[in-house]
Every structure is written in C-alpha cells, then in structure tokens.
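A.B. asks: I'd like to ask you about the structure that follows.
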Amino acid sequence: MDKIGVDDSSSASSCSSMGHHRTHALRLGPSSSSGHPYQAPAATNSPTTTLRYSNSAKNGLKYCKKPQEFHEKLSISRQWFTNFDDDEKNVFLRELLALCGSSQIHVLSSLLEPRLHQYCPPNCQDPFVSLPFHVAIKILSFLDPVSLCRCVQVCRCWRKLCEEQKLWKTLCNQPRDYRLSSFNAEEQHKKKFTDVDGTVRWRNIFAERYRWWRNWNKGRCVVRTFEGHTQGISCVQFDEDHIVSGSSDSTIKVWDIRTNNPLAVMNLTGHSATVRCLQLDGNHLASGSSDNTLKVWDLSLNNSWSSIACKVTMVGHLNSVRCLQMDDTKIVSGSYDTTLKLWDLNTGQCRSTLRGHDEAVLCLQFDDRKIVSGSADNTIKIWDLVSGQCILTLHNAHQNAVTCLQFDERRIVTGSLDCTIKFWDVRTGRWLNTLDWMQHEGHTGVIRCLQADSWRIVSAADDKTLKVWNLHTGKRIITLKSHTDGVTCLQFSDLRIVSGSYDKTVKLWDFSIC
Numbered sequence: 376m377d378k379i380g381v382d383d384s385s386s387a388s389s390c391s392s393m394g395h396h397r398t399h400a401l402r403l404g405p406s407s408s409s410g411h412p413y414q415a416p417a418a419t420n421s422p423t424t425t426l427r428y429s430n431s432a433k434n435g436l437k438y439c440k441k442p443q444e445f446h447e448k449l450s451i452s453r454q455w456f457t458n459f460d461d462d463e464k465n466v467f468l469r470e471l472l473a474l475c476g477s478s479q480i481h482v483l484s485s486l487l488e489p490r491l492h493q494y495c496p497p498n499c500q501d502p503f504v505s506l507p508f509h510v511a512i513k514i515l516s517f518l519d520p521v522s523l524c525r526c527v528q529v530c531r532c533w534r535k536l537c538e539e540q541k542l543w544k545t546l547c548n549q550p551r552d553y554r555l556s557s558f559n560a561e562e563q564h565k566k567k568f569t570d571v572d573g574t575v576r577w578r579n580i581f582a583e584r585y586r587w588w589r590n591w592n593k594g595r596c597v598v599r600t601f602e603g604h605t606q607g608i609s610c611v612q613f614d615e616d617h618i619v620s621g622s623s624d625s626t627i628k629v630w631d632i633r634t635n636n637p638l639a640v641m642n643l644t645g646h647s648a649t650v651r652c653l654q655l656d657g658n659h660l661a662s663g664s665s666d667n668t669l670k671v672w673d674l675s676l677n678n679s680w681s682s683i684a685c686k687v688t689m690v691g692h693l694n695s696v697r698c699l700q701m702d703d704t705k706i707v708s709g710s711y712d713t714t715l716k717l718w719d720l721n722t723g724q725c726r727s728t729l730r731g732h733d734e735a736v737l738c739l740q741f742d743d744r745k746i747v748s749g750s751a752d753n754t755i756k757i758w759d760l761v762s763g764q765c766i767l768t769l770h771n772a773h774q775n776a777v778t779c780l781q782f783d784e785r786r787i788v789t790g791s792l793d794c795t796i797k798f799w800d801v802r803t804g805r806w807l808n809t810l811d812w813m814q815h816e817g818h819t820g821v822i823r824c825l826q827a828d829s830w831r832i833v834s835a836a837d838d839k840t841l842k843v844w845n846l847h848t849g850k851r852i853i854t855l856k857s858h859t860d861g862v863t864c865l866q867f868s869d870l871r872i873v874s875g876s877y878d879k880t881v882k883l884w885d886f887s888i889c
C-alpha cells in the first residue's frame with residue numbers, strides 16, 4: 376500500500392483514519408478484479424459501498440499520490456474488516472495499532488474522544504475541570520503527595536492543574552516530614568531551584584525533599600568509613616566539607632568529606648587526655664577533655680583549614696569536661712566535678728558556676744532562656760540561664776545515669792544507661808512517653824547519644840547500632856548497622872549522619888545519593 380502524506384498542522388490529518396464525526400459520503404463502484412493485489416470477499420451488501428470520512432481525513436487525501444488506487448484498497452480493507460467476527464476484529468486492531476507511530480496514535484486519540492461520549496448527554500464533560508481555577512487548586516491542596524502524582528496521570532487538564540507551583544509550595548511548607556532542619560537550610564535549598572527571574576520551582580524542591588525523606592524511611596544510604604585514630608572515638612562534629620572527631624588517643628582529627636585520602640587528614644594536638652566533647656560552629660571549634668580543660672580553636676585563619684590555631688584555653692573544672700555547647704559569645708560546659716560553668720567565648724573567663732547535681736554532669740543543652748542538664752545522679756535539671764538558679768528538677772528521671780538529651784519548645788528527649796529513651800514536658804517536667812527495647816524495638820545496650828529535629832530522632836548505643844525514630848509517634852523507622860563495636864557519638868543533618876565508635880572508626884551515612 377502506498378504511503379500517505381500527513382498534514383502536520385492538524386492533529387487529525389491521517390488519511391487512514393475513519394470516524395463518524397462530521398462525515399461526508401463517498402461512493403465507490405466495485406473494484407476491478409483484474410490484477411488487483413487484494414481480492415475482496417463476497418459482498419453481502421449492495422454492489423456499491425458507501426465510505427464515510429471525517430473532514431480532517433478527507434482533507435488528508437489530497438496528499439495521496441494515487442487517490443483512486445487508495446480508495447480501492449480502502450474499500451477492500453473495509454469489506455474484509457466488516458466480515459470479521461468480534462475476536463478477529465480485536466486481533467486486527469491490536470496488530471494495526473502496533474504498526475502505528477506517534478502521529479497515528481495522536482489522530483486515533485482525537486477521533487476516539489467523541490465516540491466515547493457518543494451516548495452521553497450534550498453537556499457531558501469533566502466536572503472538575505469546569506470548576507474555577509482557585510477552587511480546583513483548593514481541592515487538590517488537600518491531597519497527599521502520592522495522590523497528587525496520580526492525579527497528574529489522569530489527563531492533560533488535570534496534569535496542568537497538578538503542576539501548579541502553589542500546591543507544591545504548600546506541601547513544602549507543611550510541618551514535620553518534608554521540612555528541613557532549619558530555616559537557613561530551607562533557604563539554601565530554595566536558591567538551588569530559583570530561576571534568574573525569581574520563579575521558584577517548588578515542585579522540584581518537593582521532589583528532592585521527598586526523595587530524601589523516602590531514603591531516611593527506607594534506610595537507603597551510602598556508608599563511608601574514616602580510619603586513623605588509634606583508640607575509640609568519643610565525639611564527632613561535621614559541616615558541609617569537614618568531619619571533626621575527638622578520641623581517647625588525646626587527638627582531634629579533621630577529615631575532608633570529599634576524599635578518603637589519609638594525607639588530607641589534619642591532627643590537632645593540645646589536649647593531654649581523652650577528648651570528650653566537641654562543637655563546630657562556623658569558624659570556631661570548641662573541645663573539652665579529660666585533662667579538665669576546654670579549648671577554642673580558630674578556623675578562620677585559612678579557608679583550607681591547613682593551619683588551625685588554639686585561640687584560648689579555659690581552666691576551671693576540677694575533673695573531666697564531659698559536655699559543652701557554645702554560641703557566638705559563650706560556652707556552657709558540664710563536668711565530672713558535678714558542676715556546670717558558663718564561660719566568655721572571647722576571653723576564656725568563667726562567668727558563673729552552677730551547682731546542684733550530686734554526681735557527674737554528662738549532657739546539657741541551652742537556648743536563650745534556660746539550660747537543661749542530665750547527670751549520673753539520674754536527674755534532669757532545668758536552670759535559668761541569666762540567674763543560674765535551678766528552676767525544676769526531675770528526680771529519678773531514669774533508673775540509671777542520664778547520658779544524653781535534647782529539648783525544643785515543647786519536650787525534652789533523654790537517653791540513659793538504662794537503655795531507654797524518654798520524653799518529658801519541658802514546661803512542667805511531666806513524663807510523656809518511653810521507648811524501650813521490649814515494646815518499641817529499641818536499643819538493647821546503653822544509649823550513648825541522641826539528636827532530634829522537627830520530625831525524627833537518631834540515637835546510638837553500645838549495641839553497635841543507630842536507630843531512627845519518628846519524633847511524634849515514637850515509632851522506630853530504621854536500624855542502621857555497620858560499626859563493629861558500641862557507637863559513642865553522632866551528629867546528623869538533613870542529608871547525613873556522622874557517627875563514631877569504640878571500633879576507632881568514623882562513619883558517614885549519606886542519604887542524598889540514593
């Protein structure tokens with residue numbers, strides 16, 4: 376059969392397409408049987424056959440090189456198809472469809488639409504599409520991401536509605552699951568998908584956040600191992616480019632995240648005993664040690680961190696410095712000497728000493744108004760940051776030492792040597808919930824560290840595992856296994872977890888790659 380030209384200006388221009396919409400009659404006499412490549416079956420109708428074409432199909436015939444020959448072939452094919460039973464027609468259509476290109480599929484789609492609505496009332500249409508735009512968007516805004524993506528596949532009109540950026544902005548700004556850990560992190564991520572004209576591609580932003588969220592919930596990550604310390608790791612911190620680790624070998628190591636090259640590791644020496652705690656904050660690194668001192672290191676002298684100088688050493692504690700936190704002007708530290716101390720970051724002078732715990736202070740955190748501390752005396756204390764007075768004490772908060780804690784405006788989350796994680800009301804001190812190994816698939820060893828953000832908690836323990844929990848439901852999401860000994864410390868961001876262990880290694884768990 377000869378090839379027929381297609382008019383690209385019309386979506387329904389193939390001369391091989393037939394329909395009953397806006398039709399014209401075309402009468403053809405019986406074809407000649409002499410030498411014709413197709414032999415028509417015995418006709419069961421009148422000697423003349425009536426073919427009907429749509430306007431677009433009829434217009435397409437003018438591109439045929441041999442219109443009369445095409446008419447004859449089409450007449451024979453039509454008679455063959457008419458005499459097929461239903462099963463044969465179905466097989467024929469499937470075979471014919473397999474031979475069609477994208478242009479023919481498009482024509483077929485446009486011709487089928489009116490046929491599918493053949494018995495519908497005159498005003499038949501998708502009622503959702505006929506709604507005012509803002510009403511349709513409002514309805515779609517109540518859908519979850521998976522349902523919204525399914526709606527995209529319904530039709531072109533629904534797809535256009537579902538791609539409205541307002542919908543994806545709403546999903547990005549919903550509390551909990553799809554938020555990043557800080558406002559600055561969200562602003563940096565938004566810049567990545569902001570065009571030069573200021574247009575924010577919220578759908579792309581959400582797609583990437585959803586992928587990260589899915590990886591966290593499925594435990595999909597790439598694990599890298601950093602080796603170099605000669606004894607167990609006691610503390611870790613990291614930023615975009617570097618990991619900082621402290622160890623029982625008395626050293627601080629700075630690792631380049633971008634490479635595992637041993638030559639890229641820097642050693643900071645100065646402490647004479649185990650480095651117990653670290654905090655990396657911009658151009659400052661604070662460290663606390665079992666040599667009873669704190670040190671502040673200046674990272675601003677060289678962008679490549681090739682030369683890091685100790686800015687100030689703080690002396691005042693009578694025993695090991697176990698925990699610390701700093702901001703732009705101050706450091707608060709906790710010690711085995713049972714006290715907390717408030718230090719001036721620039722001068723290194725002790726501003727005040729907080730006394731009240733009966734045993735070692737193992738963990739602390741502060742905000743603009745208060746300090747929360749946990750101790751080996753099994754208690755949690757809340758202090759006024761300005762006056763230094765103890766506001767509230769949670770007696771027997773755990774059955775053993777409180778090893779780690781974190782709080783926000785609503786709750787305090789604590790971990791303990793008793794292998795449990797507990798939740799407390801930060802205003803009243805009321806117990807809220809407990810996560811243990813029996814009921815919640817919790818840790819089976821001493822909990823050494825934890826961290827929480829807007830929707831998850833990550834904890835680590837002597838059972839060699841890290842566990843990720845849903846902050847709001849208390850449900851365990853995943854358990855991460857790679858260390859060969861107890862996990863002593865961790866820090867996480869929206870994309871990564873960095874952990875240290877008694878096995879002398881630092882591990883980077885990257886959830887952004889998968």
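Residues in the sequence shown are numbered from 376 upward in steps of one, following this note's numbering. Using N, Cα and C, we set each Cβ at its ideal position, and we do this for glycine too. Since we're looking at a predicted model, the values are computed, not measured.
1. How many angstroms separate the CA atom of Val671 from the CA atom of Cys725?
2. On the CB-based measure, 16 or more other CB atoms within 10 Å of its CB, does Val788 come out buried or exposed?
3. Per DSSP, which residues does Val862 bridge with? Please list them.
4. Roughly how many angstroms separate the alpha carbons of Gln781 and Pro520, rounded to a whole number?
5. Please report the Cβ distance between Val707 and Leu739, rounded to the nearest whole angstrom; I am assuming they are in contact, meaning their Cβ atoms lie under 8 Å.
6. Express the C-alpha separation of Ala473 and Glu463 in angstroms, rounding to a whole number.
7. Quick check: the segment 662 to 670 against the segment 631 to 650, are there 3 or more CB pairs under 8 Å?
8. Round the Cβ separation of Val687 and Ser664 to the nearest angstrom and send it over; I've been treating them as touching at under 8 Å.
9. Which first and last residues belong to the alpha helix (DSSP H) in which Ala836 is found?
10. Looking only at DSSP bridge pairs, what is Phe782 linked to?
11. Nearest to Trp591 by alpha carbon, out of Arg633, Ser876, Asp759, Ser868?
12. How big is the Cα-Cα spacing for Trp884 and Ala751?
13. Report the rounded CA-to-CA distance for Phe459 versus Ile451, giving the unit in angstroms.
14. By a C-beta neighbour count over all protein chains shown, 10 Å radius and 16 as the cutoff for buried, is Val619 buried or exposed?
15. Are the beta-carbon atoms of Val736 and Leu769 separated by less than 7 Å?
16. Quick one: give me the first and last residue of the beta strand (DSSP E) that Thr668 is part of.
17. Report yes if the C-beta distance between Arg851 and Ala835 is below 7 Å; otherwise report no.
18. Does the beta-carbon distance from Thr634 to Lys882 come in below 7 Å?
19. Starting from Asn912 and walking both ways along the beta strand (DSSP E), at which residues does that stretch end?
20. Taking the alpha-carbon positions, what's the Leu699 to Gln612 distance?
21. Can you pull the DSSP bridge partners for Asn845?
22. Val629: which of Gly607, Leu655, Gln606 sits nearest, CA to CA?
23. By the 10 Å Cβ neighbour count, where 16 or more other Cβ atoms means buried, how is Gln606 classified, buried or exposed?
24. Could you compute how far the alpha carbon of Cys779 sits from the alpha carbon of Leu760?
25. Between the beta-carbon of Phe773 and the beta-carbon of Ser791, is there less than 7 Å?
26. Output yes or no for whether 7 Å exceeds the beta carbon distance between Leu870 and Ser887.
27. With DSSP collapsed to three states, give me the class of Gln479.
28. By a C-beta neighbour count over all protein chains shown, 10 Å radius and 16 as the cutoff for buried, is Gly573 buried or exposed?
29. Quick one: residues in its chain with C-beta nearer than 8 Å to the C-beta of Asp552, no 5 flanking neighbours on either side, listed in chain order?
30. With a threshold of 6 Å on Cβ separation, who are the neighbours of Asp631 within its own chain once the five nearest residues in sequence on each side are excluded?
31. State the DSSP-derived secondary structure class of Arg871, mapped to helix, strand or coil.
32. For Glu561, I'd like the list of residues in its chain whose CB is within less than 6 Å of its CB, leaving aside the five on either flank, ordered along the chain.
33. Starting from Cys524 and walking both ways along the alpha helix (DSSP H), at which residues does that stretch end?
34. Go to Ile514, then tell me how far its alpha helix (DSSP H) extends in each direction, as first and last residue.
35. Roughly how far, in whole angstroms, is the beta-carbon of Ile872 from the beta-carbon of Leu841, given that I think they are within contact range, below 8 Å?
36. State the start and end residues of the unbroken beta strand (DSSP E) segment that holds Gln443.
C.D. replies: Straight from the coordinates:
1. 14 Å
2. buried
3. Ser876
4. 31 Å
5. 6 Å
6. 16 Å
7. yes
8. Their Cβ separation, rounded to whole angstroms, is 14 Å, which puts Val687 and Ser664 out of contact at 8 Å.
9. From DSSP, Ala836 is part of no alpha helix (DSSP H) but of the beta strand (DSSP E) over 831 to 836.
10. Phe782 pairs with Ile787.
11. Ser868
12. 30 Å
13. 13 Å
14. Answer is buried; the Cβ neighbour count reaches 16.
15. No, Cβ-Cβ distance for Val736 and Leu769 is not below 7 Å.
16. 668 to 673
17. no
18. Their beta carbons are not under 7 Å apart, which means Thr634 does not touch Lys882 by this criterion.
19. The question about residue 912 has no answer, for the chain in this structure spans 376 to 889.
20. 13 Å
21. Arg831
22. With distances taken between Cα atoms, Val629 lies closest to Leu655.
23. exposed
24. 19 Å
25. The displayed chain sequence assigns His, not Phe, to residue 773. Yes. Within cutoff.
26. yes
27. helix
28. Within a 10 Å sphere around the beta-carbon of Gly573 sit fewer than 16 other beta-carbons, which makes this residue exposed.
29. Trp588, Trp830
30. Ala639
31. Arg871 falls in the strand class under three-state DSSP.
32. Take Glu561, set aside five residues on each side of it, and the residues of its chain with a beta-carbon closer than 6 Å to its own are Leu555, in chain order.
33. In the DSSP annotation of this structure, the continuous segment of the alpha helix (DSSP H) that includes Cys524 starts and ends at 520 to 527.
34. 508 to 515
35. 7 Å
36. Note, Gln443: premise wrong, no beta strand (DSSP E); alpha helix (DSSP H) at 442 to 458.
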